[in-house]
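Notes to accompany the following structure.
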Amino acid sequence: MAETSETADIQRKIRAAFHVFDHKADNTVDVREVSTIIYSLGCFPTKADIHRFVDEVEEDNMGYVHLDKFLPVMTKVLLENKFPPIPEENLLQAFEVLDKERRGYMEPQELAKYMKSEGETFSQEETNEMLTALVDEKKNLICYKELISQLTLDLDT
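Quick note, the sequence shown lines up with residues 1 to 157 if you use full-length UniProt numbering.
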């Protein structure tokens, strides 16, 4: 019985995250939004993982994903912890390496530079989407300690 409750709760969270990007309110999202939805659910897949996921859920290479296909696949990902979150201390260390002055925040353009040139790089569109989600609108900064707290929230909360 607990499994059913856990599954229902996970699916509720998946639907909520999906609908944020369902701009036409027709239970579909642009395939380019899939990685952002996955990240918003506390998962951190590689680009290769994302490509495999998209291949599984995309509607006939038409550039969109329907909730009916996305929901069962993403539910399985979360139940099986396929793309586990990065531990909070690792995220903090990564930001502190980038924040040489240890200010506790980064300018959006600083992070954008790293996102497009270091490690598993992001496209300009992916960078813009991530910055939209990460930047504190009032301060126009990325306050990474607050952000890390939000990113590492347990799915059960």
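Every residue gets a Cβ at the ideal spot worked out from N, C-alpha and C, and that includes glycine. Small disclaimer: the values here were computed from a predicted structure and weren't measured.
Can you tell me the Cα-Cα spacing of Leu134 and Glu110, whole angstroms?
Here residue 134 corresponds to residue number 134 of the sequence shown, with the count starting at 1. Here residue 110 corresponds to residue number 110 of the sequence shown, with the count starting at 1. Answer to the nearest angstrom: the Cα atoms are 13 Å apart.
Within 10 Å of its beta-carbon, does Phe44 have 16 or more other beta-carbons around it, so buried, or fewer, so exposed?
Here residue 44 is taken as the residue at index 44 of the sequence shown, counted from 1. Per the 10 Å Cβ criterion, exposed.
Could you check whether the Cβ of Glu120 sits closer than 8 Å to any Cβ belonging to chain D?
In the structure shown, chain D cannot be found, because there is only a single protein chain.
To the nearest angstrom, report how far apart Asp55 and Glu89 are at their CA atoms.
For the purposes of this step, residue 55 is taken as the residue at position 55 of the sequence shown. For the purposes of this step, residue 89 is taken as the residue at position 89 of the sequence shown. Going from the Cα of Asp55 to the Cα of Glu89 covers about 33 Å.
Which one or two residues does DSSP pair with Tyr64 in a beta bridge?
Mapped onto the sequence shown, residue 64 falls at position 64. For Tyr64, which the question treats as bridged, DSSP gives the partners Asp30.
By DSSP, does Glu101 sit in helix, in strand, or in coil?
Taking the sequence shown and counting its residues from 1, the one referred to as residue 101 is at position 101. Three-state DSSP puts Glu101 in coil, outside helix and strand.
Return the Cβ separation of Val65 and Val77 in integer angstroms, given the expectation that the two are a contact with Cβ distance under 8 Å.
Indexing the sequence shown from 1 puts residue 65 at position 65. Indexing the sequence shown from 1 puts residue 77 at position 77. Not confirmed; about 14 Å, so no contact.
If I measure Cβ to Cβ from Met106 and keep anything under 8 Å in the same chain, skipping five residues before and after, which residues do I get?
Locating residue 106 in the sequence shown gives position 106, counting from the first residue. Hits under 8 Å: Phe95, Leu98, Asp99, Leu141, Ile142 and Tyr144.
Between which two residues does the alpha helix (DSSP H) harbouring Lys125 extend?
Residue 125 sits at position 125 when you count from the first residue of the sequence shown. Just to set this straight, residue 125 is Glu in the shown sequence, not Lys. Run containing Glu125: Gln124 to Leu134, per the alpha helix (DSSP H) assignment.
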